[in-house]
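Chains as they are written, first to last, in the numbering used here: chain A, 1 to 148; chain B, 1001 to 1148; chain C, 2001 to 2148; chain D, 3001 to 3148. Glycine residues also receive a C-beta, built at the ideal position from the N, C-alpha and C atoms. The structure under discussion appears below in the form of structure tokens.
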């Protein structure tokens, strides 16, 4: 789908918001792409991001799925708006096994109040991407609310 | 609901599995209760667990919701079984604002293959618990599979 | 939880809205209870409501789960408001087998814009209720919008 | 994605199962396409399928979303297997307004036990398709279980 952003400055806005998320810093996530209606986050493997089998923890997978969807949606929101996640639903399809995770989200519907996104998370193993999770996420635009 | 655990050693099994989740250690989560069919996890506030407004990140909330549900379900599984999250769905109801989060999960249905749990996450603000998220989670029991 | 309805006339409002849902009439659903923040719908068995095994179709179970949640939420909304389902998530826990289904929904959070409900659906078999599905539902209040 | 069906007879199997769903007959749904890993269902408008505003009822939208996903998944299952919906999650994106609904589902992951599908539902208004709902659905394969 093709979207026209309402805020021409959306890339800076998203990058700045991402930078202020301390939890993204803690886990080492990188915002690798932000376009109007889509977003990509990359998360390199670290031992302290794992569950009991040594794979990426489902909570980590959910975190970057949610965040990617949130910023895909935020990229289309108005200048003086803030974004919150209303709910997200994540299916885990394969173990999060590999040197990195990549989450890719796209806006399905961008409404005045609500935005719905889909997101796929890939585990990168020896350079090869394998689908490891799929999410569907609902966001709300809070008008006249600062993101800071 | 009242459940009879198949593994009399379920408390040790759950505590041991929790201890091996490096991501729980990274975020500072504590397993505060494990009973047959229910589980509670507490997460004290830290600045590096926050989103852009300084509240607990939705990914953190989802992480402990998923984990609490996973161990509530695991408490009822067989001796030689392992647990995986199939999917989870989380509604965020209020900002994760306060000195700690507490997640409480209960098993709704414990089947031979699949288990379904519900979970509530509370934000503790000046000692008062406020509901901040609600989840519904599906788990799968992998028989004859080690948790380690 | 205890809720104070904003519209003292909420019972009539809900019953009237239910009556205008032609699909409820087609499947034979009955609104058996409406209170501030909760709702119950009963659906007697009919052969034309079944899937290939002769049990209640998952779509039928989802329909009354969604509807019960919608009216539980609507009971707390303002006088001149209308309600729409934003999304719903349903876990099927046991076959919909028996002489009737009963869906019971409660409001978890009633906000200015969004409302979140939980719902349980029971299959009634020889008079005994068995949990057959559990849902979590998000609703939106459309202010100054007629329900008719 | 490209899938190889395990049952060469999958089209007949799906059509036969669909035919035995009395609820599909009641609402007038038509199975318009079944391929390995995908399925399409069409539902012409009727006044008795509506909610209080005269649009397709959310329960009807959920019903065909679930059914399309179920048969997309079933098309890839083994000869002597049966399919059940574990859970589904549906976002409603626009009113179900028009002369018909079309639901299109694709398999995301086909596993030995679990299958995950995505589904889009379009409202056809004066011949033009508009996305009105998006679903994510988990299915389970019951081996050595008859569908009849």
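Cα-Cα separation between residue i and residue j, rounded to whole angstroms
i, j, result
"residue 1091/B", "residue 3002/D", "34 Å"
"residue 150/A", "residue 42/A", "Because chain A here runs from 1 to 148, residue 150/A falls outside it and cannot be looked at."
"residue 3037/D", "residue 2114/C", "36 Å"
"residue 3116/D", "residue 3110/D", "7 Å"
"residue 3129/D", "residue 3057/D", "18 Å"
"residue 12/A", "residue 142/A", "19 Å"
"residue 2125/C", "residue 138/A", "37 Å"
"residue 1026/B", "residue 3121/D", "41 Å"
"residue 1147/B", "residue 52/A", "7 Å"
"residue 1010/B", "residue 1020/B", "15 Å"
"residue 45/A", "residue 2045/C", "53 Å"
Cβ neighbours of residue i in the same chain (closer than 8 Å, five flanking residues each side left out)
i, result
"residue 2054/C", "2047"
"residue 2014/C", "2031, 2034, 2039, 2071, 2074 and 2075"
"residue 2087/C", "2137 and 2138"
Enclosing alpha helix (DSSP H) for residue i [first to last residue]
i, result
"residue 3012/D", "3010-3019"
"residue 3023/D", "3022-3027"
"residue 2083/C", "Element bounds for residue 2083/C: not the alpha helix (DSSP H) but the beta strand (DSSP E), 2081-2092."
Residue-level contact to chain B via CB, residue i, 8 Å cutoff
i, result
"residue 3015/D", "no"
"residue 3089/D", "yes"
"residue 3138/D", "yes"
"residue 101/A", "no"
Neighbourhood of residue i by C-beta distance below 7 Å, restricted to the same chain and skipping five residues each side
i, result
"residue 2093/C", "2131, 2132, 2133 and 2134"
"residue 1005/B", "1036, 1075 and 1076"
"residue 144/A", "80"
"residue 127/A", "none"
"residue 3018/D", "3024, 3031 and 3071"
"residue 108/A", "116, 117 and 118"
"residue 3064/D", "3029, 3041, 3043, 3101, 3103 and 3121"
Test: residue i CB closer than 8 Å to a CB of chain D
i, result
"residue 1114/B", "yes"
"residue 6/A", "no"
"residue 2049/C", "yes"
"residue 2023/C", "yes"
"residue 108/A", "yes"
"residue 2031/C", "no"
Within-8 Å CB hit, residue i to chain A
i, result
"residue 3125/D", "no"
"residue 1060/B", "yes"
"residue 3134/D", "yes"
"residue 3043/D", "no"
"residue 1009/B", "no"
Close-in-space but distant-in-sequence residues of the same chain around residue i (CB under 6 Å, 5 per side omitted)
i, result
"residue 1062/B", "1090"
"residue 2068/C", "2039, 2041, 2103, 2105 and 2119"
"residue 84/A", "140"
"residue 1136/B", "1089 and 1118"
"residue 98/A", "123, 124 and 125"
"residue 96/A", "55, 56, 61, 123 and 132"
Residue-level contact to chain C via CB, residue i, 8 Å cutoff
i, result
"residue 3143/D", "no"
"residue 947/B", "This structure cannot settle anything about residue 947/B, because the visible part of chain B is limited to 1001 through 1148."
"residue 85/A", "no"
"residue 1076/B", "no"
"residue 1093/B", "yes"
The beta strand (DSSP E) enclosing residue i, as first and last residue numbers
i, result
"residue 107/A", "100-110"
"residue 3122/D", "3114-3125"
"residue 3063/D", "Here residue 3063/D belongs to no beta strand (DSSP E); instead the alpha helix (DSSP H) covers 3058-3074."
"residue 3128/D", "3128-3143"
"residue 2044/C", "2038-2044"
"residue 3146/D", "From DSSP, residue 3146/D is part of no beta strand (DSSP E); its letter is neither H nor E."
"residue 35/A", "30-35"
Whole-number beta carbon distance between residue j and residue i, since they are thought to touch under 8 Å
i, j, result
"residue 3105/D", "residue 3081/D", "Between residue 3081/D and residue 3105/D the Cβ distance is about 18 Å, and since that is not below 8 Å, they are no contact."
"residue 1079/B", "residue 1016/B", "Going by Cβ atoms, the distance from residue 1079/B to residue 1016/B rounds to 13 Å, so no, they are not a contact pair."
"residue 22/A", "residue 1050/B", "5 Å"
"residue 66/A", "residue 1028/B", "Actually they do not touch by this definition, with Cβ atoms about 20 Å apart."
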